[in-house]
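Everything below concerns the one structure shown next.
In the UniProt record's numbering, the protein residues as written are 1 to 181.
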């Protein structure tokens, strides 16, 4: 079994922000698979599952995402090498996606939480570019709503991300990296 973890912040306030790209992709992927979200207070997350994978959206704030990922992984006995975390990435141009494995957080607090909770970075990541602001405050930037121009491109970015998830599930991380990077 594999675990797909969309990282984001809970609540309406954060729904359409750059930092919630992980939630957006997880929602769209679950919907494309005909899955319905359930809530687990024990695992502190929303989850949807099949016999092959479980999709998770932590119900904690971003910097505590690792708690839910670890809880679900432990319950289903999923090795960290079978986990894919989906998150926004300031270092990629808007809409560009990259698959990585066994890499550090690059300052992303949600990814750092997952690394700490799993005792290492040996899991896959689907990084979705939100661009790097020309501003001094990247934390403020990622919590802002998408611009009108960005909104026009969201459907194609989310669809490409879903294709990457499907590739990861069927072909593994290396083949997915070769195809999408």
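Every residue, glycine too, gets a C-beta built ideally from N, C-alpha and C.
Could you spell out the range, first to last residue, of the beta strand (DSSP E) harbouring residue i?
{"i": "residue 40", "result": "38-40"}
{"i": "residue 88", "result": "83-89"}
{"i": "residue 127", "result": "124-129"}
{"i": "residue 58", "result": "53-58"}
Rounded to a whole number of angstroms, what is the C-alpha to C-alpha distance between residue i and residue j?
{"i": "residue 10", "j": "residue 1", "result": "26 Å"}
{"i": "residue 62", "j": "residue 108", "result": "9 Å"}
{"i": "residue 191", "j": "residue 134", "result": "The structure shown does not extend to residue 191, since the chain is modelled only from 1 through 181, so no value can be given for it."}
{"i": "residue 21", "j": "residue 161", "result": "10 Å"}
{"i": "residue 28", "j": "residue 105", "result": "24 Å"}
{"i": "residue 25", "j": "residue 137", "result": "25 Å"}
{"i": "residue 172", "j": "residue 92", "result": "23 Å"}
{"i": "residue 145", "j": "residue 18", "result": "7 Å"}
Under 6 Å Cβ to Cβ from residue i, same chain only, skipping five residues before and after it: list those, please.
{"i": "residue 30", "result": "48 and 55"}
{"i": "residue 80", "result": "118, 122 and 123"}
{"i": "residue 8", "result": "20, 22 and 23"}
What is the residue span of the alpha helix (DSSP H) that residue i lies within?
{"i": "residue 169", "result": "148-171"}
{"i": "residue 118", "result": "109-118"}
{"i": "residue 142", "result": "138-142"}
{"i": "residue 182", "result": "It is not possible to answer for residue 182, since the shown part of the chain is limited to 1 through 181."}
{"i": "residue 75", "result": "65-76"}
Do you know whose CA, among the options, lies nearest residue i's CA?
{"i": "residue 14", "options": "160, 159, 141 and 162", "result": "141"}
{"i": "residue 89", "options": "43, 42, 149 and 139", "result": "139"}
{"i": "residue 42", "options": "154, 74, 25 and 18", "result": "74"}
{"i": "residue 165", "options": "82, 146 and 39", "result": "82"}
{"i": "residue 174", "options": "16, 84 and 37", "result": "84"}
What residues in its chain sit with their C-beta under 7 Å from that of residue i, if we drop five residues either side in the sequence?
{"i": "residue 45", "result": "56, 57, 58, 59, 68 and 72"}
Given residue i, which residues of its chain have a CB within under 8 Å of its CB, disregarding the five upstream and five downstream residues?
{"i": "residue 52", "result": "1, 2 and 169"}
* Between the stretch 90-97 and the stretch 127-141, do at least 3 Cβ pairs fall closer than 8 Å? -> These segments touch.
* Three CB pairs or more closer than 8 Å across the stretch 114-125 and the stretch 62-69 -> Cβ pair count under 8 Å is three or more, so yes.
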